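Trainee: In the numbering used here, the protein residues as written are 537 to 681.
Note that CB positions come from ideal geometry on N, CA and C, so glycine has one too.
Quantities reported herein were computed from a predicted structural model and do not represent experimental measurements.
The following block contains the structure, expressed as structure tokens.
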Amino acid sequence: MPRVSHHFVVDRPIQDVFAVVSTARFWPEWHPATRGVEGDIDHSAQLGDKITEHVTIAGIEGTGIWTVTEHNPPHGMALEADLSFGHLRIGYELTSAGFGGTRLQRDLDFPELGPVIHAAMENQSAEGIAGLARLVEREVPAPAP
């Protein structure tokens, strides 16, 4: 199963970063594939929450229902979806970095769908993680000097 992994380090407290990362209403703001979300989206995700995501990947539109399958605040969570083309899993791992900062790693596992889809997943995930870092910096106040 292919995987794309990206990370960032931000000068924000881990619990606040987790709160933003785990709130699905933000997905359309930071991930270029996400066109809209419904369901359990207005709070930090909880185990068993379901989130419907409308996406466009490599010009292909689709809808998937994600379920939160792992939940370990503020250190991580995972979501899984079974779609017509296979099983997907997104994992977020957060660790403390430096004095009050956070390192976030995002791993996306998806079925083998050919080089065009793989490249789109890689590119959109890279763009998305950069957008997520900007969102966290905007939503979470910087620590006082």
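Which residue comes first and which comes last in the beta strand (DSSP E) that contains Gly-612?
Mentor: Note, Gly-612: beta strand (DSSP E), 612-619.
Trainee: Rounded to whole angstroms, what's the CA-CA distance from Glu-629 to Arg-670? Just pull it up for me.
Mentor: Taking the straight line from one Cα to the other gives about 18 Å.
Trainee: According to DSSP, what are the bridge partners of Leu-671?
Mentor: None; Leu-671 has no bridge partner.
Trainee: Can you give the beta carbon distance from Asp-547 to Gly-637, rounded, assuming they're within the 8 Å contact cut?
Mentor: Going by Cβ atoms, the distance from Asp-547 to Gly-637 rounds to 5 Å, so yes, they are a contact pair.
Trainee: Starting from the N-terminal side, write out each stretch of the beta strand (DSSP E) that is 3 residues or longer and does not extend beyond the stretch 560-592.
Mentor: For the stretch 560-592, whole beta strand (DSSP E) runs of length 3 or above, ordered along the chain, are 570-575.
Trainee: Helix, strand or coil: which one does DSSP assign to Ala-680?
Mentor: In the structure shown, Ala-680 sits in coil (DSSP, three-state: anything other than H, G, I, E or B).
Trainee: His-543 and Arg-642 - do their beta-carbons sit closer together than 8 Å?
Mentor: A contact, by the Cβ cut-off of 8 Å.
Trainee: I need the straight-line Cα distance from Ile-596 to Pro-681, nearest angstrom please.
Mentor: When rounded, the distance between both Cα atoms is 46 Å.
Trainee: Measuring only the C-alpha atoms, how far is Ala-656 from Ser-632?
Mentor: Whole-angstrom Cα-Cα distance: 30 Å.
Trainee: Buried or exposed, going by whether 16 or more other CB atoms sit within 10 Å of the CB of His-623?
Mentor: With fewer than 16 Cβ atoms within 10 Å of its Cβ, His-623 is classed as exposed.
Trainee: Is it buried or exposed, Pro-610, if we count other Cβ atoms within 10 angstroms and call 16 or more buried?
Mentor: Flag for Pro-610 reads buried.
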